[in-house]
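Before any comments, here is the structure.
Residue numbers (the numbering used here), protein chains in the order written: chain U, 23 to 778; chain R, 415 to 577.
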């Protein structure tokens with residue numbers, strides 16, 4: 023009997039640092055991003071946007087724009103043949119504003135012309151007469167019943183309470199504060215772009231789009247165009263990052279409408295400023311929170327009031343809110359809670375999905391509180407977190423029992439064990455010092471600080487949503503062909519899927535078919551879900567194929583298929599001597615199987631916020647070390663140490679890339695990234711003014727991956743995309759507090775917050 | 415657009431390329447991508463902040479989004495497509511793949527060009543010199559860790575290749 027696995031790590035199976043199949047094309051500049059697509063006789067599309075946060079449209083005059091040579095079509099709300107609105111959860115956002123504009127940047131018209139410059143001139147020539155109204159830009163104000171309701175659906179998008187346990191409990195130790203978070207942008211590099219090619223006679227449209235979820239786009243576009251869903255065929259255009267910002271519709275409907283109107287291919291592509299207007303952002307939030315604890319530091323009760331500014335349209339605000347309220351306890355035991363959460367409509371830019379999805383806001387608040395609690399109880403930041411660390415089997419404030427592996431204590435201890443960075447050298451190069459090459463910081467003003475953050479993050483969609491994933495596997499002549507609609511945004515599913523097929527089927531050659539809507543949905547590339555969901559679908563399809571292969575081999579060679587296993591690249595009889603290569607065994611046959619992976623069902627929350635609303639959870643700890651120039655208020659993040667609960671590492675190099683990348687985004691939110699709003703208007707919609715972490719801002723990252731395979735997960739692996747960016751923000755904020763002694767209740771922390 | 419159109423030549427990747435029927439206001443990035451069939455250089459900010467459009471112009475790494483194409487007629491321009499022929503990979507390109515420096519890949523061509531330029535002018539850069547050299551290239555996916563590794567690997571490979 024030789025059923026011991028001989029699977030060698032040299033083959034790119036699960037667990038190997040397999041290399042991206044799209045890597046060569048990307049380094050050569052030959053990978054086709056959606057902005058690189060072309061079609062014969064194509065026109066360019068562009069969008070006219072509202073300059074006002076809140077105004078009534080009195081009239082739109084297109085006559086001057088139509089006189090411009092090269093302008094082929096101009097469309098407004100009147101030209102939308104189907105549903106005039108779209109949206110991910112509620113369909114509340116107009117394709118084009120018709121009577122009212124509700125945010126700066128809201129689309130009013132779109133033009134098709136022969137050149138981007140012609141488009142720009144045409145947009146400038148469209149005369150829209152607005153009656154400017156006073157915008158509602160304060161979420162607290164917007165919530166009041168006496169305030170103008172800026173949308174027929176009202177200003178309150180969702181209110182959710184969580185009431186559990188003793189509502190009157192008062193702790194021996196009580197700490198409370200109000201925390202705020204600014205609006206963060208996903209700032210993917212590959213700007214929104216799409217190519218739409220109309221069918222003759224306007225019967226349908228072929229689209230190439232950089233999106234996160236092909237089938238959701240298809241559904242929403244079809245409704246607006248009043249066409250059957252199958253008439254909208256979408257192929258994934260190369261995606262230059264997403265981070266949540268491509269989950270909502272941006273230019274898809276406009277592009278398809280212009281194509282059908284002109285009967286010519288249309289290419290639309292946003293510039294950077296338009297991209298800031300054209301996609302949703304991370305919700306700004308204001309969170310009041312009060313912790314009750316024993317003198318020993320044991321958390322007894324949480325009270326919180328959370329307000330998320332959803333901007334002008336709902337997008338995913340209702341789901342973001344649920345993530346916020348259900349994660350406000352953090353990765354800590356807590357039996358009693360009184361939580362009120364509100365997602366509110368304002369005349370600010372719409373907010374929706376961004377990596378971390380509501381948990382980022384909650385985590386910043388609960389982790390800031392943990393440090394306050396530590397001080398009040400005379401404990402260290404590590405001690406207070408260890409005392410309260412959640413374990414598998416604990417009941418959340420929603421009543422849901424944590425069934426996931428929950429190595430919170432291990433995350434903290436392994437992070438704590440990571441070596442601290444060396445002190446700042448006296449002769450350090452200017453680039454290693456706060457302030458960088460400007461040589462602005464004097465050594466005696468630089469103070470080092472250390473801070474902690476720990477988080478819990480739900481995986482997959484919640485509240486009874488069945489976000490299943492589909493995959494097809496074909497095996498022929500030792501070659502596997504995989505088909506799915508799973509969107510690759512950079513995360514590496516194109517590497518993982520072949521690894522799964524190699525592991526399950528013992529093949530080496532795996533081809534990934536075009537990613538399009540000619541197969542069932544894969545759900546969105548979001549919510550840290552594709553390794554679990556689409557990975558589960560590919561795994562399931564490959565296992566079905568393997569079963570058929572064993573049946574085939576068993577029949578021909580007269581062996582019970584149940585005795586057959588895959589060993590390296592062979593089919594092997596584990597009770598005998600029979601062995602045949604998978605290539606030989608599959609020569610001349612075609613096995614074709616499709617599999618849908620569904621996660622376990624979840625429930626909606628009841629009015630008291632009780633219910634098994636989440637599928638599973640992942641955990642992570644971060645420790646940040648910063649240098650702060652306390653006089654100038656400048657910060658340099660020196661090191662981030664982290665231990666992350668990943669379930670199982672399927673591709674070490676890809677996992678590390680997710681961790682390092684997430685940390686950089688969380689760093690951005692902590693100290694530099696914010697869309698600055700002035701009465702509804704963005705003041706910094708450019709990469710000159712919206713600051714992003716550069717190579718010089720990147721801290722040393724030391725990461726430990728904690729492997730305790732998750733029984734619920736098809737591959738034992740948890741999603742790893744979101745956790746890295748969640749608790750690093752409060753860890754950095756805590757480190758700055760540690761260095762400065764300041765309260766710093768708001769992120770991003772600006773120089774003036776530190777030194778004034 | 416036909417008004418204000420001009421005909422001019424650009425020297426790109428060692429070849430003389432004619433640009434015709436172009437509006438003179440077009441950036442070098444636009445002309446490379448939309449007129450000369452060289453979409454490897456990417457546009458992501460239009461302000462010279464992100465480095466996605468980096469090309470080598472007369473020995474300098476420049477943001478092609480900030481260069482008027484019609485002013486570049488006397489320059490030698492190298493784009494990511496001109497770094498190698500026949501799909502072979504430079505040491506830098508190879509290291510980006512093997513070290514995990516590529517995720518979405520949108521910043522990659524600009525970074526590859528910037529790093530080729532760095533290593534051509536400074537074959538053995540310090541870690542700080544690497545950071546400074548690529549601090550004009552924004553990557554939103556990787557947090558830069560794997561990119562630093564890619565540069566280190568490329569430095570070693572280039573050194574070994576010279577021995």
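Even glycine gets a Cβ: it sits at the ideal position worked out from N, Cα and C.
For clarity, every value in this text was computed on a predicted model and none was experimentally measured.
Identity of the residues DSSP links to residue 66 (chain U) by a beta bridge: U:135 and U:289
Within 9 Å of chain U by C-beta, residues of the region 545-564 of chain R in sequence order: 545, 546, 547, 548, 549, 550, 551, 552, 553, 554, 555, 556, 557, 558, 559, 560, 561 and 562
Limits of the unbroken beta strand (DSSP E) element including residue 229 (chain U): 227-231
Cβ pair residue 332 (chain U), residue 127 (chain U) closer than 9 Å: No, these two residues do not count as a Cβ contact at 9 Å.
Short Cβ contact (9 Å threshold) for residue 666 (chain U) with residue 692 (chain U): no
Pairwise C-alpha distance: residue 95 (chain U) and residue 282 (chain U): 10 Å
Coarse secondary structure for residue 558 (chain U), derived from DSSP in three states: In the three-state DSSP reduction, residue 558 (chain U) falls in the helix class (H, G or I).
Between the CA atoms of residue 420 (chain R) and residue 841 (chain U) - distance to the nearest angstrom: Because residue 841 (chain U) is not part of the residues shown, which for chain U are 23 to 778, the question remains open.
Chain R contact residues for residue 58 (chain U), given Cβ-Cβ distances below 7 Å: 453
is_contact[residue 649 (chain U), chain R] using C-beta, thresh 9 Å: no
Contact set between residue 503 (chain R) and chain U, taken where Cβ atoms lie within less than 8 Å: 46, 49 and 50
Residue 575 (chain R) burial status per 10 Å Cβ neighbour count (16 or more: buried): exposed
As assigned by DSSP and simplified to three states, the class of residue 480 (chain U): strand
Chain-ordered chain U contacts of residue 542 (chain R) [CB-CB under 8 Å]: 451, 453 and 454
Own chain partners of residue 112 (chain U) with C-beta closer than 6 Å, once the 5 adjacent residues on each side are dropped: 336
Stretch-stretch touch, CB-based, cutoff 8 Å, three pairs: the region 252-271 of chain U with the region 323-331 of chain U: In this structure the region 252-271 of chain U does not touch the region 323-331 of chain U; the number of beta carbon pairs closer than 8 Å is below three.
N-terminal and C-terminal residue of the alpha helix (DSSP H) that residue 510 (chain R) is part of: For residue 510 (chain R), the enclosing alpha helix (DSSP H) begins and ends at 505-512.
Bridge partners - residue 358 (chain U), DSSP secondary structure assignment: U:323
From U:726, U:154 and U:674, residue whose alpha carbon lies closest to that of residue 121 (chain U): U:154
Chain R contacts made by the region 122-142 of chain U, where a contact means CB separation under 9 Å: Within the region 122-142 of chain U, the residues whose Cβ lies closer than 9 Å to some Cβ of chain R are 135, 136, 137, 138, 139 and 140, listed in chain order.
Which of helix, strand or coil DSSP assigns to residue 381 (chain U): helix
For residue 365 (chain U), the three-state DSSP class (helix, strand or coil): Three-state DSSP puts residue 365 (chain U) in a strand.
Collapsed DSSP secondary structure at residue 392 (chain U) in the structure displayed: The three-state reading of DSSP puts residue 392 (chain U) in helix, counting H, G and I together.
Cβ neighbours of residue 26 (chain U) in the same chain (closer than 7 Å, five flanking residues each side left out): The predicted position of residue 26 (chain U) is uncertain, since its pLDDT is 38 and thus under 50; a value taken from the coordinates is nonetheless stated next. Excluding sequence neighbours, residue 26 (chain U) sits near nothing in its chain.
DSSP three-state assignment for residue 111 (chain U), whether helix, strand or coil: coil
Local conformation of residue 206 (chain U) per DSSP, three classes: coil
Below-9 Å beta-carbon distance, residue 570 (chain R) vs any chain U residue: no
Whole-angstrom distance between residue 548 (chain U) and residue 471 (chain U), CA atom to CA atom: The alpha-carbon atoms of residue 471 (chain U) and residue 548 (chain U) are separated by roughly 34 Å.
Neighbouring residues, chain C, relative to residue 511 (chain R) (Cβ below 9 Å): Considering every chain present, this structure includes no chain C. Its protein chains are U and R.
Residue 481 (chain U) and residue 637 (chain U) closer than 9 Å at C-beta: yes
Residue 430 (chain R) at chain U interface by Cβ criterion, 9 Å: Taking CB atoms only, residue 430 (chain R) has no neighbour in chain U less than 9 Å away.
Chain-ordered chain U contacts of residue 517 (chain R) [CB-CB under 8 Å]: 263, 512, 513, 514, 679 and 683
Cβ-Cβ separation, residue 527 (chain R) to residue 593 (chain R) (assumed contact under 8 Å), whole Å: Within the shown structure, residues of chain R are numbered from 415 to 577, placing residue 593 (chain R) beyond reach of any answer.
Three CB pairs or more closer than 8 Å across the region 462-478 of chain U and the region 549-567 of chain R: no
Bridge partner(s) assigned by DSSP for residue 543 (chain U): None; residue 543 (chain U) has no bridge partner.
Outcome for residue 166 (chain U) when other beta-carbon atoms lying within 10 angstroms are tallied against a minimum of 16: exposed
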